[in-house]
Structures are given as structure tokens and as C-alpha cells.
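Mapping to our numbering: the sequence shown position 66 is 67, numbers consecutive. Note that beta-carbon positions come from the ideal geometry of N, C-alpha and C, so glycine has one too.
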Amino acid sequence: MSQVDVSRLSYSELMALKAQLDEQIGEKRTEELKVLADGFVKKLEAAGFSVVEGVEALTPYVGASSKRQSRQTTGAAPVLYRDPANPENTWSGRGRAAKWLADYEAQGRSREEFRI
């Protein structure tokens with residue numbers, strides 16, 4: 002295998018070399034995945050399994066790295082408390098109390114006064 006002294010290449014030559022490398026890497030990746038997939042299929046069939054069964058068996062591994070992405074959001078929490086002085090001030094009851102509610106509580110008022 003011949004080695005290229007990249008320190009002597011210009012920027013444009015390096016970028017052209019990078020493009021060639023990216024293309025070669027993509028081709029090699031595809032070739033190696035095909036070899037691995039063919040071997041996987043042969044092992045499955047030799048063991049008496051179908052390709053579909055093999056793929057289904059891989060499902061837990063496929064989703065393992067993307068659990069956060071697949072988590073469903075429940076949407077906004079319903080409003081449980083409203084400021085009578087400014088109806089736009091609301092709080093769902095989750096997390097730290099809204100500042101407007103904390104201010105009322107600091108004045109000695111009960112949180113339940115503002116419950117909807």
C-alpha cells in the first residue's frame with residue numbers, strides 16, 4: 002500500500018482526496034454490511050429460523066439507543082391554579098410553584114384559594 006504525504010498537498014488537493022476517501026469509505030461500508038448480512042442470513046437459515054424472526058429478535062437492540070426519541074410526550078399539563086388578578090397567570094401544579102402563586106403564599110394566602 003502506497004502512502005501519500007498529505008503534508009505537501011494544497012487545500013484543494015486535500016479536499017479532492019477527502020471526497021475520494023469518502024466515496025471509497027461508503028463503498029467499503031456497503032460491501033462489508035452486505036457480507037455481514039449474508040452471513041447472518043446463512044446462520045439463521047442453518048439454525049432453522051427465518052430472516053423475519055432474526056430481524057424481530059434484533060428489535061430490542063435497534064431501539065436501545067433511541068429510547069428518548071421514542072418516548073411519547075403527554076402534552077401540556079392541565080391548568081390547576083389561576084391568578085384572579087391576572088387570568089393569564091396559571092400554573093399546572095407541577096414543578097416549582099409559579100412566582101405569582103409563591104408571592105400570594107408569602108402574604109399568607111392559601112394555595113387552594115387559587116385552585117380552578
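Alpha-carbon spacing of residue i relative to residue j, whole angstroms
{"i": "Glu-106", "j": "Glu-57", "result": "55 Å"}
{"i": "Arg-1", "j": "Glu-54", "result": "Beyond the ends of the chain as shown, which are 2 and 117, falls residue 1; an answer cannot be given."}
{"i": "Gln-21", "j": "Gly-49", "result": "42 Å"}
{"i": "Ala-99", "j": "Trp-92", "result": "6 Å"}
{"i": "Lys-19", "j": "Glu-28", "result": "14 Å"}
For residue i, three-class secondary structure by DSSP
{"i": "Thr-60", "result": "helix"}
{"i": "Arg-116", "result": "strand"}
{"i": "Arg-97", "result": "coil"}
{"i": "Arg-9", "result": "helix"}
Span of the alpha helix (DSSP H), counted from its first residue to its last, around residue i
{"i": "Asp-23", "result": "12-47"}
Close Cβ partners of residue i (< 6 Å) along its chain, the five nearest in sequence each way excluded
{"i": "Asn-90", "result": "Asp-84 and Trp-101"}
{"i": "Arg-95", "result": "Ala-78"}
Residues near residue i by beta carbon distance below 8 Å, same chain, minus five either side
{"i": "Leu-45", "result": "Ser-51, Val-52, Glu-54 and Gly-55"}
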